[in-house]
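Have a look at the structure below, then the notes.
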Amino acid sequence: MHPLCLSVLVLACLLPVAFSAGSSVEWCYHLPSCNDSTWPVIAAHFCNGSRQSPINIKASLKLKQMTPFLQKFTFTGFNDEAAMFKIKNTGKTVKVEFKAGTLKVSGGGLSTAYDSLQFHLHWGNLSSPGSEHTVDGKRYPMELHIVNAKSIYNGNIAKILQDSEGLAALGFFIEVESGTTDQPASWRNLTAHLGSITEKGQYADITGISMDDLISGVDTTSYYRYLGSLTTPNCNEAVVWTVFKNSIKVSKNLIDLFSTTVRVGNSSSPFMTNVYRSVQFLNGR
Ligand SMILES: *[C@@H]1O[C@H](CO)[C@@H](O)[C@H](O)[C@H]1NC(C)=O
Ligand SMILES: *[C@@H]1O[C@H](CO)[C@@H](O)[C@H](O)[C@H]1NC(C)=O
Ligand SMILES: *[C@@H]1O[C@H](CO)[C@@H](O)[C@H](O)[C@H]1NC(C)=O
Ligand SMILES: *[C@@H]1O[C@H](CO)[C@@H](O)[C@H](O)[C@H]1NC(C)=O
Ligand SMILES: *[C@@H]1O[C@H](CO)[C@@H](O)[C@H](O)[C@H]1NC(C)=O
Ligand SMILES: [Zn+2]
192 MHPLCLSVLV LACLLPVAFS AGSSVEWCYH LPSCNDSTWP VIAAHFCNGS
242 RQSPINIKAS LKLKQMTPFL QKFTFTGFND EAAMFKIKNT GKTVKVEFKA
292 GTLKVSGGGL STAYDSLQFH LHWGNLSSPG SEHTVDGKRY PMELHIVNAK
342 SIYNGNIAKI LQDSEGLAAL GFFIEVESGT TDQPASWRNL TAHLGSITEK
392 GQYADITGIS MDDLISGVDT TSYYRYLGSL TTPNCNEAVV WTVFKNSIKV
442 SKNLIDLFST TVRVGNSSSP FMTNVYRSVQ FLNGR
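Be aware that the sequence shown starts at 192, since it is given in the numbering used here, and climbs by one per residue.
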């Protein structure tokens, strides 16, 4: 969450990168000087902490705090096809911002209500998967993160980040739907915008897709829960994580568009590939 905009428009400008928090540090995924093995040094606060994300979820062991709950979420506005504001190439991810105040999340074992700010994605390359969380060592092709901030703080970033559950992140795995192309329609619509945001800093309007359309088919009553962090510098330990057990199914040709369309910089820069952080130590979680 990087250059933090402490304005009323906070929901539109907050969390520009994957949700890296207040980071002034030049971090990256692939250069030896700034890749994730260096974050605990170049951003020691908080990337060198003890409740970092992502983690490998040991489903079969039913770790403390990680058993699948069965408490229902209430998703408000997830069916609103006008709730998405802009789709952006941040140079580190593809992010979609929500119009302020349109989406909310509560229930699901969360202690209070949260406002949804944005979602963004993590992916691999044509031959290698790129989810951030893994389940019993399995890495999925992609992962979608919906970032939500505790409503009582009204977008006050300092307060959000001081609260160990100031942010609620919802993680959805994306798997290949074999035997199809261009499916589902919502993902065809979403990925159709990638060609307009090939370079870092570019953005496009997005409309006609709801959050429900994108997560359609996922049973949201089955999920893993643990306390962790942002997965990009400064890795603030202010996140209550929900990772859904079931995945979103998307055709391989649409998944592949991410690693072959958007670039980390201008038109002569490399494509954005393998944009995920390595799994972190559980440290007793
Ligand atoms: C990350 O950087 C370190 C050195 O800082 C290097 O040893 C390692 O190979 C790099 N890893 C990747 C995946 O680039
Ligand atoms: C990171 O934390 C570990 C354990 O607390 C410590 O040994 C190490 O020196 C720290 N590294 C940095 C770069 O702060
Ligand atoms: C894809 O990423 C994997 C994992 O980093 C790497 O080993 C492989 O060489 C990459 N493949 C291509 C085609 O870049
Ligand atoms: C896809 O976009 C078109 C307009 O471009 C819209 O009419 C349609 O409803 C959208 N479908 C889905 C499933 O989002
Ligand atoms: C792309 O960026 C690089 C490095 O910042 C720069 O040297 C190059 O001139 C740019 N190329 C174009 C086509 O803008
Ligand atoms: Zn993320």
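Positions of the beta carbon are idealized from the N, C-alpha and C atoms, including for glycine.
Asn444 has its Cβ no nearer than 8 Å to any heavy atom of ligand 2. Distance between Phe363 and Leu335, taken at the CA atoms: about 5 Å. Taking the CA atoms as reference points, Gly282 sits about 13 Å from Leu385. For the pair Thr303 and Lys341, the CB atoms are nearer than the 9 Å cut-off.
Shown here, Ser401 sits in coil according to DSSP, grouped into three states, outside any helix or strand.
When distances are taken from the beta-carbon of Gly328 to the heavy atoms of ligand 3, even the shortest one reaches 8 Å or more. Selection Thr284, Ile343, Val338 evaluated against Val466 yields Thr284 as nearest (Cα-Cα). Distance between Ser307 and Glu288, taken at the CA atoms: about 9 Å.
Around the Cβ of Gly315, a 10 Å sphere holds 16 or more other Cβ atoms; the residue is buried.
For Ser297, there is no enclosing alpha helix (DSSP H); the residue is part of the beta strand (DSSP E) that begins and ends at 295-298. Leu317 sits in coil when the DSSP states are folded into three classes, being neither helix nor strand.
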